[in-house]
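Notes for the one structure printed next.
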Amino acid sequence: MTSSVPPSSQRSGTPLPPSNLPSKPTHETQSMSNQVFFAYTPPKPALSVTRSLTTPHASKDTPSNLTLRLVGSHPLWAHHLWNASKILSAYLDEHKDLCRGKTVLELGAGAALPSLVAAANGANKVESCGAFSPPSPCLSDLGKSFTDAVCCSIVPVVITDYPDKELIDNIEHNAKVNLPDTYASGRIAVQGYVWGTNTAHLLSALPPTTQTFDLIILSDLVFNHSQHHAMLRTCRSVLTPCTGSVLVFYTHHRPLLAEKDLKFFDIAILPEIAEMSDPDDPFGRGYGFCRDKILEMKAGVMFAEDPGDEDVRATVHGWKLWLE
Numbered sequence: 020m021t022s023s024v025p026p027s028s029q030r031s032g033t034p035l036p037p038s039n040l041p042s043k044p045t046h047e048t049q050s051m052s053n054q055v056f057f058a059y060t061p062p063k064p065a066l067s068v069t070r071s072l073t074t075p076h077a078s079k080d081t082p083s084n085l086t087l088r089l090v091g092s093h094p095l096w097a098h099h100l101w102n103a104s105k106i107l108s109a110y111l112d113e114h115k116d117l118c119r120g121k122t123v124l125e126l127g128a129g130a131a132l133p134s135l136v137a138a139a140n141g142a143n144k145v146e147s148c149g150a151f152s153p154p155s156p157c158l159s160d161l162g163k164s165f166t167d168a169v170c171c172s173i174v175p176v177v178i179t180d181y182p183d184k185e186l187i188d189n190i191e192h193n194a195k196v197n198l199p200d201t202y203a204s205g206r207i208a209v210q211g212y213v214w215g216t217n218t219a220h221l222l223s224a225l226p227p228t229t230q231t232f233d234l235i236i237l238s239d240l241v242f243n244h245s246q247h248h249a250m251l252r253t254c255r256s257v258l259t260p261c262t263g264s265v266l267v268f269y270t271h272h273r274p275l276l277a278e279k280d281l282k283f284f285d286i287a288i289l290p291e292i293a294e295m296s297d298p299d300d301p302f303g304r305g306y307g308f309c310r311d312k313i314l315e316m317k318a319g320v321m322f323a324e325d326p327g328d329e330d331v332r333a334t335v336h337g338w339k340l341w342l343e
């Protein structure tokens, strides 16, 4: 992870502001489709705002309401609760097996709604080892203590955003308020992370028996066109092959640039090349993913006064990436 702060146009972690979005949007998201189980009240201008979201969960000991605090204003646009995050969260609620007992990583989390829903739906549960055989003969000498350690390994949710104190503190606040026991037990980890950089500290949050993430969440990040390679590098390096998946949900906030948004998926499915003279070469480097579109849903426009087709700007798209 870099220690210096890059220019705002190159920052990773939360969607960079589209060039034509107003600095102070006057409209929040319109009412959602009836298929999405969220309800909230637009905030009053303040240093922080609170949203209450209602969604059914897998077990009775998880909250049915998630109260999110957003940063009051931020150059990385973490002061908005984006449509894609709400639709993605509803999708996780409807497909709980994507979360239950799985390791989860979110990039550019903002208020971290999808991560918190994943945690509430079982991504933070303790692994059950069943019958266990040490992976190496030398470990047999450790006996029951080693077996117990593996059985009690925690499957965490790792929530990340750009390493800015305000962003990270706000995510920690949301985790503590909504899932206090889960957070206190270490089953939720919050980290600052710059896309495309060394992933060692992300992987260090995993249990000793786990080396990769089963689910990676990218919510409304693909309009960061200059960061497509960086996001994909990270996903490629930490995703569990074959069984793992990356959920990429987004809206074309700038319809004229929709083709550039979709370049993310074109780059993702290009064959991986072992050696490249330029690691960010958009014409040659790929990451070897498979892709499939899994969802398209209307959610209302984020900023009613923006230019461009309102139908396009009101639509959330969901894709799945995986490695064979």
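Numbering (this note's numbering), first residue to last: 20 to 343. The C-beta atom is built at its ideal place from N, Cα and C for all residues, glycine as well. Note that the structure is a prediction, hence the values are computed from the model and not measured.
Spell out the partners DSSP gives residue i in its beta bridges.
i, result
"Trp-338", "Val-267 and Lys-312"
"Ser-183", "Looking at the sequence shown, residue 183 is not Ser but Asp. According to DSSP, Asp-183 bridges with nothing at all."
"Ile-236", "Glu-125 and Leu-266"
"Glu-291", "Gly-305"
"Leu-258", "Phe-232"
"Val-177", "Leu-124 and Ala-208"
Within the same chain, show all residues whose beta-carbon is closer than 7 Å to that of residue i, passing over the 5 residues directly before and after it, in chain order.
i, result
"Phe-308", "Ala-287, Ile-288, Leu-340, Trp-341 and Leu-342"
"Ala-103", "Ser-238, Asp-239, Phe-268, Tyr-269, Thr-270 and Val-335"
"Asp-328", "Pro-274"
"Asn-193", "Leu-87, Arg-88, Ala-130, Ala-131 and Leu-135"
"Lys-279", "His-244"
"Thr-218", "Thr-253, Ser-256 and Val-257"
How about residue i and residue j: are their beta carbons less than 8 Å apart?
i, j, result
"Glu-191", "Val-209", "yes"
"Leu-87", "Ala-128", "no"
"Ala-224", "Pro-175", "yes"
"Arg-273", "Phe-242", "yes"
"Leu-221", "Val-257", "yes"
"Thr-231", "Thr-253", "no"
"Leu-117", "Pro-133", "no"
"Leu-251", "Val-123", "no"
"Gly-211", "Ile-187", "yes"
"Ile-292", "Gly-305", "yes"
"Ala-277", "Ile-106", "no"
Using 10 angstroms around the beta-carbon of residue i, count the other beta-carbons present and answer buried if the total reaches 16, otherwise exposed.
i, result
"His-248", "buried"
"Glu-125", "buried"
"His-99", "buried"
"Asn-84", "exposed"
"Ser-245", "exposed"
"Thr-48", "For Thr-48, the predicted model reports a pLDDT of 33, less than 50, meaning its position is unreliable and no value from the coordinates is stated."
"Ser-108", "buried"
"Asp-183", "buried"
"Pro-41", "Here the model assigns Pro-41 a pLDDT of 36, short of 50, so the residue's position is not dependable, and the following value carries that caveat. Under this definition Pro-41 is an exposed residue."
"Ser-50", "Its pLDDT being 34, under 50, Ser-50 is placed unreliably by the model, and nothing is read from it."
Any beta carbon from chain B within less than 8 Å of residue i's own beta carbon?
i, result
"Lys-339", "Judged by its chain identifiers, the structure shown contains no chain B, having just a single protein chain."
Please state the DSSP three-state secondary structure of residue i.
i, result
"Asp-280", "helix"
"Val-209", "strand"
"Gly-305", "strand"
"Leu-100", "coil"
"Gly-327", "coil"
"Val-320", "coil"
"Thr-201", "helix"
"Leu-225", "coil"
"Glu-191", "helix"
"His-248", "helix"
"Lys-63", "For Lys-63, the pLDDT reaches just 37, beneath the cut-off of 50, and the residue's location in the model is therefore unreliable, leaving the point undetermined."
"Ala-138", "helix"
"Glu-343", "coil"
"Arg-119", "coil"
"Ser-108", "helix"
"Thr-216", "coil"
"Arg-332", "helix"
"Val-241", "coil"
Excluding the 5 residues flanking residue i on each side, which residues of the same chain have their C-beta closer than 8 Å to its C-beta?
i, result
"Glu-315", "Thr-334, Val-335, His-336 and Gly-337"
"Pro-156", "Only weak support is given to the placement of Pro-156: the predicted model assigns it a pLDDT of 40, under 50, and the value that follows is read from those uncertain coordinates. Excluding positions up to five away in sequence, the list is empty."
"Glu-113", "none"
"Gly-263", "Thr-231, Phe-232, Asp-233, Leu-234, Ile-235, Trp-341 and Leu-342"
"Cys-255", "Inspection of the sequence shows that residue 255 is occupied by Arg rather than by Cys. If we look at Arg-255 and ignore the five residues flanking it on each side, its Cβ neighbours are Glu-291, Tyr-306, Gly-307, Phe-308 and Leu-342."
"Cys-261", "Trp-341, Leu-342 and Glu-343"
In chain order, what residues of the same chain lie with their CB nearer than 6 Å to the CB of residue i, ignoring the 5 residues before and after it?
i, result
"Leu-198", "Ala-138"
"Asp-330", "none"
"Val-320", "Glu-329, Arg-332 and Ala-333"
"Asp-311", "Lys-339"
"Tyr-202", "Ala-194 and Lys-195"
"Ile-178", "Glu-125, Ala-128, Ala-131, Ser-134, Ile-190 and Val-209"
"Phe-283", "Val-241 and His-247"
"Trp-101", "Asp-239"
"Ile-236", "Glu-125, Pro-133 and Leu-266"
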